[in-house]
Amino acid sequence: MIKRLLAITTIAIAAMILASCDTTPEAAPDAPTRGIWDESTFVSAYFGLRFDLASGWTAMSDGNIASMFRHQDGNYEQIPQGSQVTPDMYEKLETLGIIDLSASGGMGTRGVTLRIGRFSDDEADMTALQFLENMVEEMSLPDTTEVVIHEDTMRIGAQDWYFASFVYDFRNEVAYNWYFVNVDGRFMRSIIVSHFGDGNLDETLELFRPY
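Position in the sequence shown (from 1) plus 3 gives the number in this note's numbering.
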């Protein structure tokens with residue numbers, strides 16, 4: 004049960020950071036490409052990283068991810084792994100984003116989600132740090148939530164990421180979330196790490212390696 008709650012919570016949280024959208028498709032250079040699985044390692048040139056699916060970890064299939072979204076909004080269709088985002092896919096990218104990877108481990112108490120989104124026209128010049136600040140302002144958070152926006156970047160894989168951390172109570176558990184954001188022109192890469200009852204981020208980050 005906790006494992007499913009973690010998957011739902013992590014994906015729902017991922018949706019929050021892609022709420023702003025523009026619905027007019029347009030061509031763009033260097034569109035992002037989804038990662039692929041190489042046995043038990045997820046490889047993404049676009050994110051500049053590899054994610055090792057450690058013992059006890061499981062990854063959600065594209066079909067399961069799509070099913071969860073269909074349950075929420077009735078209309079979600081995942082872009083196949085390895086596929087490049089094309090102009091006709093932009094509306095989906097802006098409204099829901101693309102989940103590139105969703106995995107959980109630690110008896111279902113830890114989760115990782117990689118997601119690709121696209122800024123709206125109004126946010127075209129926004130930096131990653133500005134986006135995190137706006138996201139925190141717009142989120143409805145319990146009064147007891149501890150939020151820190153870190154002005155220094157953290158290296159994950161082959162790229163530097165701005166991030167915010169959240170600590171809050173969720174169903175009698177202490178929940179920890181870290182949102183890592185990296186901006187690539189009009190596109191945004193995000194890594195969401197979620198833990199229940201365990202604030203040791205380093206152990207999860209050790210599963211990432213440079214591309």
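Backbone N, C-alpha and C fix where the C-beta goes; we use that ideal spot for every residue, glycine too.
**Q.** Distance, Phe122 Cα to Asp205 Cα
**A.** One-based indexing of the sequence shown puts residue 205 at position 202. One-based indexing of the sequence shown puts residue 122 at position 119. Taking the straight line from one Cα to the other gives about 30 Å.
(Q) As a quick exercise: from Tyr49, Leu56, Ala131 and Ser105, pick the residue whose alpha carbon is nearest that of Asp41. (A) In the sequence shown, the residue the question calls residue 41 occupies position 38. Measuring from the Cα of Asp41, the nearest candidate turns out to be Leu56.
Q) Within 10 angstroms of its Cβ, does Ser64 collect 16 or more other Cβ (buried), or is it exposed? A) Start at 1 with the first residue of the sequence shown, and residue 64 comes out as number 61. Burial state of Ser64 is exposed, judged by a 10 Å Cβ sphere holding fewer than 16 other Cβ atoms.
Q. In the structure shown, what three-state DSSP assignment does Asn203 receive?
A. Position 200 of the sequence shown, counting from 1, holds the residue named residue 203. Here Asn203 sits in coil by DSSP.
Q.
At the level of alpha carbons, what is the spacing between Asn203 and Tyr171?
A. On the sequence shown, position 200 is the one that residue 203 refers to. On the sequence shown, position 168 is the one that residue 171 refers to. Asn203 and Tyr171 have their C-alpha atoms some 15 Å from each other.
Q | Three-state secondary structure (DSSP) of Ala48 | A | Within the sequence shown, the letter at position 45 stands for residue 48. Coil.
**Q.** Own chain residues within Cβ distance below 7 Å of Met129, not counting five before or after
**A.** Within the sequence shown, numbered from 1, the residue matching residue 129 stands at position 126. Phe122.
Q: Please check the pair Ile102 and Ile68, which I expect to be a contact at CB under 8 Å, by giving their CB distance rounded to whole angstroms.
A: Taking the sequence shown and counting its residues from 1, the one referred to as residue 102 is at position 99. Taking the sequence shown and counting its residues from 1, the one referred to as residue 68 is at position 65. Here Ile102 really is in contact with Ile68; their C-beta atoms are around 5 Å apart, less than 8 Å.
(Q) Using C-beta distances below 6 Å, list every residue in its chain close to Leu208, excluding the 5 sequence neighbours before and after it, in chain order. (A) Along the sequence shown, read from residue 1 onward, the residue named residue 208 stands at position 205. Cβ within range, chain order: n/a, list empty.
Q. In whole angstroms, what is the alpha-carbon distance linking Gly188 and Thr89?
A. As a first step, residue 188 must be located in the sequence shown, where it is residue number 185. As a first step, residue 89 must be located in the sequence shown, where it is residue number 86. In this structure, the alpha-carbon of Gly188 lies about 16 Å from that of Thr89.
Q.
Does Leu210 pass the burial test, meaning 16 or more other C-beta atoms within 10 Å, or should it be called exposed?
A. Here residue 210 refers to the residue found at position 207 when the sequence shown is read from its first residue. It is buried - the Cβ of Leu210 has at least 16 other Cβ atoms within 10 Å.
Q. How big is the Cα-Cα spacing for Glu149 and Ser47?
A. As a working note, residue 149 is residue 146 in the sequence shown. As a working note, residue 47 is residue 44 in the sequence shown. Rounded to the nearest angstrom, the two C-alpha atoms are 32 Å apart.
Q. In the structure shown, what three-state DSSP assignment does Glu126 receive?
A. Here residue 126 corresponds to residue number 123 of the sequence shown, with the count starting at 1. DSSP, read as helix, strand or coil, puts Glu126 in helix.
Q. In angstroms, rounded to a whole number, what distance separates the CA positions of Thr116 and Ser107?
A. For this step, residue 116 is matched to residue 113 along the sequence shown. For this step, residue 107 is matched to residue 104 along the sequence shown. Between the alpha carbons of Thr116 and Ser107 lies a gap of roughly 9 Å.
Q: Leaving aside the five residues before and after Ser143 along the sequence, list all residues of the same chain whose C-beta is less than 7 Å from its C-beta, in chain order.
A: Numbered from 1 along the sequence shown, position 140 holds the residue referred to as residue 143. The beta carbon of Ser143 lies closer than 7 Å to none in the same chain, with the five residues before and after it left out.
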